[in-house]
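In this note's numbering, the protein residues as written are 6 to 241.
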Amino acid sequence: MDRTDEMLRPLFAVRAPSTLPERVRAALRTPAPTLEALADRFHFEATDRGVCRLAYGRGRDVATGRGRRHVEQARAELAEYLAGRRTFFTVPVDLTAVAGFQDRVLAEARRIPFGAVSSYAVLARRIGHPRAARAVGNALGANPVPVLVPCHRVIRGDGTWGHYAFGGAMKTRLLTLERVTPLLVGSTSTRIVCRRGCPNEQRIAEHRRIVFASVADAAGVGYRPCRVCHPRDGAV
């Protein structure tokens with residue numbers, strides 16, 4: 006077997022490019038991509054119940070009464086999300102103007118976990134209309150609060166993006182951001198694990214932070230879930 010291995014090794018050897026060490030070092034020096042600079046280009050409409058519309062580009066915030074507080078909260082949470090410091094939203098969303106089929110589609114889209122994707126066909130099956138993948142796409146295309154209700158996490162069955170209200174390039178950037186943003190952060194002093202963006206997580210000192218891929222992984226080394234953000238594997 007040793008002689009055979011020696012004979013076969015040249016056939017399967019892969020020579021690394023001469024520039025590989027420099028490329029690896031450059032990648033390690035490059036910070037994870039964020040979209041924080043885009044935060045000011047979003048604007049909101051809000052009622053007393055919550056944010057009812059999120060738009061990108063030209064425009065201004067529209068809110069009265071308690072709606073102003075919802076806009077302030079939404080803008081702060083969106084900025085943290087785009088900076089890679091938040092994986093979930095707590096700002097109230099007002100979807101009272103959405104009803105019937107679209108309401109069920111958006112509710113299902115909200116269940117897709119951060120960093121994951123689903124397809125139009127899968128959502129159609131989950132709401133009991135397995136042949137309505139196109140109608141699901143239309144309902145998501147009319148989503149009044151993209152990002153807050155994460156329709157960017159829904160793609161076609163063949164893996165292509167499909168339509169997105171803010172454009173395909175934005176959809177790519179959002180999904181890329183979610184793939185590189187840590188989902189769970191633990192404190193080595195308290196042995197508590199939080200969802201990224203939890204108030205407790207934001208108070209963890211840098212030298213006390215440890216990243217986990219799942220709650221199960223954290224529990225396996227003695228960490229317990231935060232009682233404020235209640236992290237659960239597979240949760241949004």
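Note that beta-carbon positions come from the ideal geometry of N, C-alpha and C, so glycine has one too. Since we're looking at a predicted model, the values are computed, not measured.
For G146, the nearest candidate out of R131, S192, G173, I132 (CA to CA): G173
Exposure of S194, with buried meaning 16 or more beta-carbon neighbours within 10 Å: exposed
C-alpha distance - C231 paired with P187, whole-angstrom precision: 16 Å
Where the beta strand (DSSP E) through V127 begins and ends: From DSSP, V127 is part of no beta strand (DSSP E) but of the alpha helix (DSSP H) over 125-131.
C-alpha distance - V233 paired with G55, whole-angstrom precision: 21 Å
Every unbroken alpha helix (DSSP H) inside the region 33-103 [4 residues or more]: 72-87
Min CB distance R115 to chain C below 8 Å: Among the chains in the structure shown there is no chain C, since it carries only a single protein chain.
Contact check, V141 vs N148, beta carbons under 8 Å: no
Bridge partner(s) assigned by DSSP for R229: I197
Beta-carbon spacing of V220, L189 below 8 Å: yes
Pairwise C-alpha distance: L43 and R201: 20 Å
Residue nearest to I132 in terms of C-alpha spacing, selected from Y228, V216, G105, I215: G105
Nearest residue (CA-CA) to I117, options F93, A138, R139, P97: F93
Residue nearest to D99 in terms of C-alpha spacing, selected from V127, F49, G164, E113: F49
As assigned by DSSP and simplified to three states, the class of P149: coil
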